[in-house]
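A.B. asks:
Numbering (the UniProt record's numbering), first residue to last: 1 to 592.
Below is the structure:
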C-alpha cells in the first residue's frame with residue numbers, strides 16, 4: 001500500500017511539473033500566485049507587465065529623444081551663462097525685472113533637475129550592446145565625475161538671498177557648471193547638419209560674443225569699484241543723462257570690450273596701476289582670441305575649399321597635358337565644358353573614394369539603396385536572386401558623357417552594358433545625324449553582348465551607333481565584373497543565358513543550328529589552357545615551398561646535433577677519447 005501511495009504521489013508530482021513546464025513564459029515568470037484566475041489575476045499580470053516595461057525604459061544616446069533633450073537643456077545653460085553676470089554687474093537689470101528673473105531661475109532649476117533624472121535613464125554601450133538595466137544606469141551616473149558637477153550645480157544657493165539681499169545674483173554662479181551639455185549639443189548638431197562649416201563658424205562667433213560680453217560686464221563692475229568718472233579710463237559718471245540709461249551702459253561697455261579684446265585699441269589709456277593690470281590682462285586674452293579666430297577660420301576655409309582645390313588641380317593638369325600634346329581647341333573646349341558640368345551638378349566626387357572608409361556592409365547597403373531599383377529594370381536581371389543583384393550593384397560604375405559623345409559604335413566589341421540614370425541617348429545612323437530611337441532614363445543596352453551567347457548572329461559586336469544628345473549620366477557594368485559575379489551563381493548564369501537566347505530568338509538574331517552544336521571546341525581548349533597555366537603556377541609554388549622546407553629541416557637538424565654535443569658529459573680519463581668532429585662555420589641563422 002505504501003509503495004502504491006508513493007508511486008501515485010510521484011505520478012502527481014510529475015504531472016504538475018509537466019504542466020508547469022508547458023505553460024507560457026508569461027505565466028511561468030509570474031510565479032505560483034498567477035495560477036489563480038479572475039480579475040485579480042489579470043490585474044497582477046498587467047502590473048507585472050507595466051513594471052517590466054518601466055525597468056526597460058531608457059533613452060538611447062544616439063536617438064532623436066536624447067538630441068531634442070540636449071536642445072532643451074542648452075536653453076537654460078545659455079540663459080545662465082549670459083544673464084547671471086549681466087544681472088550681477090548692472091544693478092538696474094536685476095532690480096527692475098526681479099519677478100521675471102525669479103520665474104526664469106525657477107524654470108531653469110527645474111530643467112536642471114530633470115536633466116539629472118534624464119541622465120539616470122540614458123543608456124550606454126558595453127561590449128557593443130546598449131545597457132538598459134535601470135540600476136546599472138543609475139550607478140554608473142552616480143559614480144561619475146559628471147554627477148558631482150551636476151549635484152554642485154543644484155545646490156540651492158538662492159537661500160543666500162536672505163543673507164545678502166536680492167541684489168546679488170552672482171550667488172547662482174554654480175549654475176554655470178552645466179556648460180558641457182551645451183558643448184555636447186553643438187557637437188551632435190555638427191554631425192547631423194548638412195552644413196557643418198557654417199555651424200562651426202556660428203559657434204565660433206557665439207563663443208567670441210560671450211567672452212566679449214563677460215569682459216564688458218567686468219569692465220563696468222571694475223569702473224564701479226574705482227568710481228564712475230574718476231578718470232578717462234573708467235565708465236563716465238551715470239549722473240549725466242547721456243550715460244545714465246541701461247542701454248548706453250551696456251553698449252559703451254561692449255564697445256570698449258570689443259576694441260580691447262580684438263587688440264584694436266583706440267580706447268582711453270589707463271591711469272591707475274590697477275587699470276594697467278586690467279588692460280594688460282585684457283590684451284593677453286585678446287591675443288589668444290585673435291589667434292584662435294585666425295586659426296579656426298583659416299582651417300574652416302581650407303576645409304570648405306578642399307574639394308574645389310582638388311578639382312581645380314585636376315583641371316590644371318589636364319590643361320597642361322592638352323597644351324603639351326597640342327590638342328585642338330575644339331576638343332579642349334569640350335573637355336573644359338565636361339569638367340564644368342561635373343562641378344556644377346556636383347558629380348565631381350569619386351564615389352569609391354568617398355565610400356572607401358565605410359565597412360563593406362554599409363557600403364553595400366548604400367549601393368543597394370542607390371542603384372538596385374535601376375538594375376532591376378534590366379530585363380535579364382529582373383528575376384535574379386537578391387545575392388547576385390547585390391554583387392552586381394557593387395560593380396556598377398558611374399560615367400558621364402558630353403553632348404555628341406559616342407557611347408558605342410556599330411561593330412565595336414561589346415565589353416560593357418549601360419543603364420541610363422539621367423539624360424537622353426539617340427540611336428543614330430552611320431552619318432551620326434539621322435536618329436532612329438531616343439533612349440531616356442531607365443533604358444539600357446548592351447546586355448546581350450556581354451553574355452557572349454553562342455549562336456548570336458551579331459556575336460559580341462555592337463549592332464547600333466548610340467550617341468549622347470546632351471549630358472548623360474550612365475551606369476556601366478563590364479563583362480569581366482559580370483562573369484566574376486556569376487562564378488558563385490552557376491544557376492543564375494544558366495538562367496541569364498537562357499533569357500538572352502529567348503531575346504535573340506524574339507528579335508531573329510539567333511542561329512539555332514550553331515546554338516544546338518554544343519560547346520565550342522575552341523572555348524574548351526581555352527579553358528583547358530587556362531587551367532594548365534594555373535596548375536603550372538601552383539606546381540612552381542609547391543616546389544619552392546618544398547625546397548624551403550627541406551633547407552630549414554637540414555639547418556634545424558644540424559643545430560640540434562651541435563647542441564647535443566655541447567650538452568654531452570666529458571669522457572673519463574680511462575676511456576679513449578674519440579676524435580672531435582671537424583669544426584664547421586656557424587650559419588647565418590645560428591649567428592642570429
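Ideal Cβ positions, reconstructed from N, Cα and C, are used throughout, including at glycine.
Determine, using beta carbons only, whether residue 79 and residue 104 come nearer to each other than 8 angstroms.
C.D. replies: In the chain shown, residue 79 corresponds to position 79, counting from 1. In the chain shown, residue 104 corresponds to position 104, counting from 1. In contact: residue 79 and residue 104 (Cβ atoms closer than 8 angstroms).
A.B. asks: Closer than 8 angstroms is the cut-off here; do at least three beta carbon pairs connect the stretch 383-392 with the stretch 403-423?
C.D. replies: In short, these stretches do not touch, since the Cβ pair count stays below three.
A.B. asks: Between the stretch 425-436 and the stretch 495-513, do at least 3 Cβ pairs fall closer than 8 angstroms?
C.D. replies: Touching, no, given that fewer than three Cβ pairs across the two stretches are closer than 8 angstroms.
A.B. asks: Count the other CB atoms, across all protein chains shown, that sit within 10 Å of the CB of residue 544; report buried if there are 16 or more and exposed otherwise.
C.D. replies: If you number the chain shown from 1, residue 544 lands on position 544. So residue 544 counts as exposed.
A.B. asks: Under DSSP, the alpha helix (DSSP H) around residue 283 begins and ends at which residues?
C.D. replies: Here residue 283 refers to the residue found at position 283 of the chain shown. Start and end: 273-304.
A.B. asks: Look at the alpha carbon of residue 378 and the alpha carbon of residue 431, and state the distance between them as a whole number of angstroms.
C.D. replies: Along the chain shown, one-based indexing puts residue 378 at 378. Along the chain shown, one-based indexing puts residue 431 at 431. Residue 378 and residue 431: Cα-Cα distance of roughly 29 angstroms.
A.B. asks: Enumerate in chain order the residues of its own chain whose CB-to-CB distance from residue 489 is below 6 angstroms, with the five nearest sequence positions on each side excluded.
C.D. replies: The count along the chain shown starts at 1 and reaches residue 489 at position 489. 388, listed in sequence order.
A.B. asks: Since residue 197 and residue 304 should fall inside the 8 angstroms C-beta cutoff, what is the C-beta to C-beta distance between them, to a whole number of angstroms?
C.D. replies: Locating residue 197 in the chain shown gives position 197, counting from the first residue. Locating residue 304 in the chain shown gives position 304, counting from the first residue. Confirmed, about 5 angstroms.
A.B. asks: Could you say which of 482, 246, 111, 183 lies nearest to residue 91 if we only look at CA atoms?
C.D. replies: Against the chain shown, residue 91 aligns to sequence position 91. Comparing Cα-Cα distances from residue 91 to each of 482, 246, 111, 183, the minimum goes to 246.
A.B. asks: Would you decide whether residue 27 is buried or exposed? Buried here means 16 or more other CB atoms lie within 10 Å of its CB.
C.D. replies: The count along the chain shown starts at 1 and reaches residue 27 at position 27. Here residue 27 scores only 36 on pLDDT, less than 50, and its place in the model should not be relied on; the value that follows carries that caveat. Exposed: under 16 other Cβ atoms inside 10 Å.
A.B. asks: Give me whichever residues DSSP pairs with residue 416 in a beta bridge.
C.D. replies: Residue numbering aside, residue 416 sits at position 416 when the chain shown is read from its first letter. DSSP lists 478 as partners of residue 416.
A.B. asks: Can you have a look at residue 38 and say buried or exposed, based on whether 16 or more other CB atoms are within 10 angstroms of its CB?
C.D. replies: For the purposes of this step, residue 38 is taken as the residue at position 38 of the chain shown. Interpretation of residue 38 is limited by its pLDDT of 44, a score under 50 that renders its predicted location unreliable; the figure taken from the coordinates is listed afterwards. Classification for residue 38: exposed.
A.B. asks: Taking only three categories from DSSP, how would you classify residue 330?
C.D. replies: Locating residue 330 in the chain shown gives position 330, counting from the first residue. Residue 330: helix per DSSP, three-state reduction.
A.B. asks: Span of the alpha helix (DSSP H) holding residue 225?
C.D. replies: The residue you call residue 225 lines up with position 225 of the chain shown. From DSSP, the alpha helix (DSSP H) with residue 225 extends over 196-226.
A.B. asks: Compare the beta carbon distance of residue 77 and residue 182 with 8 angstroms and say whether it is the shorter of the two.
C.D. replies: To locate residue 77, count along the chain shown from 1; it is residue 77. To locate residue 182, count along the chain shown from 1; it is residue 182. A contact, by the Cβ cut-off of 8 angstroms.
A.B. asks: Could you compute how far the alpha carbon of residue 530 sits from the alpha carbon of residue 454?
C.D. replies: Position 530 of the chain shown, counted from the start, is the residue given in the question as residue 530. Position 454 of the chain shown, counted from the start, is the residue given in the question as residue 454. Between residue 530 and residue 454, the C-alpha separation is close to 20 angstroms.
A.B. asks: Name the residue from 109, 494, 434, 473 whose alpha carbon lies nearest to the alpha carbon of residue 443.
C.D. replies: Locating residue 443 in the chain shown gives position 443, where the first residue counts as 1. Residue 443 has its Cα closest to that of 473, out of 109, 494, 434, 473.
A.B. asks: Note down, in chain order, each residue of its chain lying with its Cβ closer than 7 angstroms to the Cβ of residue 470, except the 5 sequence neighbours on either side.
C.D. replies: Taking the chain shown and counting its residues from 1, the one referred to as residue 470 is at position 470. Hits under 7 angstroms: 403, 423, 424.
A.B. asks: Alpha carbon to alpha carbon, what distance is there between residue 327 and residue 68?
C.D. replies: As a working mapping, residue 68 is identified with position 68 in the chain shown. As a working mapping, residue 327 is identified with position 327 in the chain shown. Residue 68 and residue 327: Cα-Cα distance of roughly 58 angstroms.
A.B. asks: Exposed or buried, which one is residue 329 when buried takes at least 16 other CB atoms within 10 Å?
C.D. replies: Looking up residue 329 in the chain shown gives position 329. Residue 329 is exposed by the Cβ-count criterion.
A.B. asks: For residue 52, which of helix, strand or coil comes out of DSSP?
C.D. replies: As a first step, residue 52 is located in the chain shown; it is residue number 52 there, counting from the start. Any reading at residue 52 is ruled out, since the residue's pLDDT is 41, under 50, leaving its predicted position unreliable.
A.B. asks: In this structure, what does DSSP give as the bridge partners for residue 161?
C.D. replies: For the purposes of this step, residue 161 is taken as residue 161 along the chain shown, with counting starting at 1. Its beta-bridge partners do not exist; DSSP assigns none.
A.B. asks: Provide the residue span of the beta strand (DSSP E) that contains residue 398, from first to last.
C.D. replies: Walking along the chain shown from the start, residue 398 turns up at place 398. From DSSP, the beta strand (DSSP E) with residue 398 extends over 397-401.
A.B. asks: If you drop the 5 nearest sequence neighbours on each side, which residues of the same chain put their C-beta closer than 8 angstroms to that of residue 137?
C.D. replies: Working through the chain shown from its first residue, we reach residue 137 at position 137. Closer than 8 angstroms at Cβ, skipping near neighbours: 58, 120, 121, 122, 123, 124, 131.
A.B. asks: How would you write the range of the beta strand (DSSP E) that residue 593 sits in, first residue to last?
C.D. replies: Missing from the structure shown is residue 593; the chain here goes from 1 to 592 and no further.
A.B. asks: On a CA-only basis, which of 450, 478, 410, 495 is nearest residue 464? Give me that one, please.
C.D. replies: As a position in the chain shown, residue 464 is number 464, starting the count at 1. Considering only alpha carbons, the answer is 410.
A.B. asks: May I have the straight-line CA-CA distance separating residue 440 from residue 419, to the nearest angstrom?
C.D. replies: What you label residue 440 is simply residue 440 of the chain shown in a count that begins at 1. What you label residue 419 is simply residue 419 of the chain shown in a count that begins at 1. C-alpha separation (whole angstroms): 10 angstroms.
A.B. asks: Less than 8 angstroms between the CB atoms is what I'm expecting for residue 461 and residue 412, so what's the real figure, rounded?
C.D. replies: Position 461 of the chain shown, counted from the start, is the residue given in the question as residue 461. Position 412 of the chain shown, counted from the start, is the residue given in the question as residue 412. So it is a contact: roughly 7 angstroms between Cβ atoms.
A.B. asks: I need the boundaries of the beta strand (DSSP E) containing residue 102, first residue and last residue.
C.D. replies: Counting from 1 along the chain shown, the entry for residue 102 is found at position 102. Here residue 102 belongs to no beta strand (DSSP E); instead the alpha helix (DSSP H) covers 98-120.
A.B. asks: To which residues of the same chain is residue 169 closer than 8 angstroms at the C-beta, ignoring the five residues directly before and after it?
C.D. replies: Here residue 169 is taken as the residue at index 169 of the chain shown, counted from 1. Contacts found: 84, 87, 88, 94, 101.
A.B. asks: When DSSP labels each residue in this structure, what does residue 489 get in the three-state scheme?
C.D. replies: In the chain shown, residue 489 corresponds to position 489, counting from 1. Coil, per DSSP.
A.B. asks: Determine the DSSP secondary structure at residue 183, reduced to helix, strand or coil.
C.D. replies: The sequence position of residue 183 within the chain shown is 183, counting from 1. It is helical.
A.B. asks: In angstroms, rounded to a whole number, what distance separates the CA positions of residue 478 and residue 191?
C.D. replies: In the chain shown, the residue the question calls residue 478 occupies position 478. In the chain shown, the residue the question calls residue 191 occupies position 191. Looking at the two C-alpha atoms, the distance is approximately 37 angstroms.
A.B. asks: Spatial neighbours of residue 334 within its chain, please: CB distance less than 7 angstroms, with the 5 preceding and 5 following residues excluded, ordered by chain position.
C.D. replies: Translated into positions along the chain shown, residue 334 becomes position 334. Only 402 meet the Cβ criterion.
A.B. asks: For residue 550 and residue 559, what's the separation of their Cα atoms in angstroms?
C.D. replies: Here residue 550 is taken as the residue at index 550 of the chain shown, counted from 1. Here residue 559 is taken as the residue at index 559 of the chain shown, counted from 1. Answer to the nearest angstrom: the Cα atoms are 14 angstroms apart.
A.B. asks: Do you know whose CA, among 296, 265, 219, 400, lies nearest residue 345's CA?
C.D. replies: Walking along the chain shown from the start, residue 345 turns up at place 345. Answer by Cα proximity: 400.
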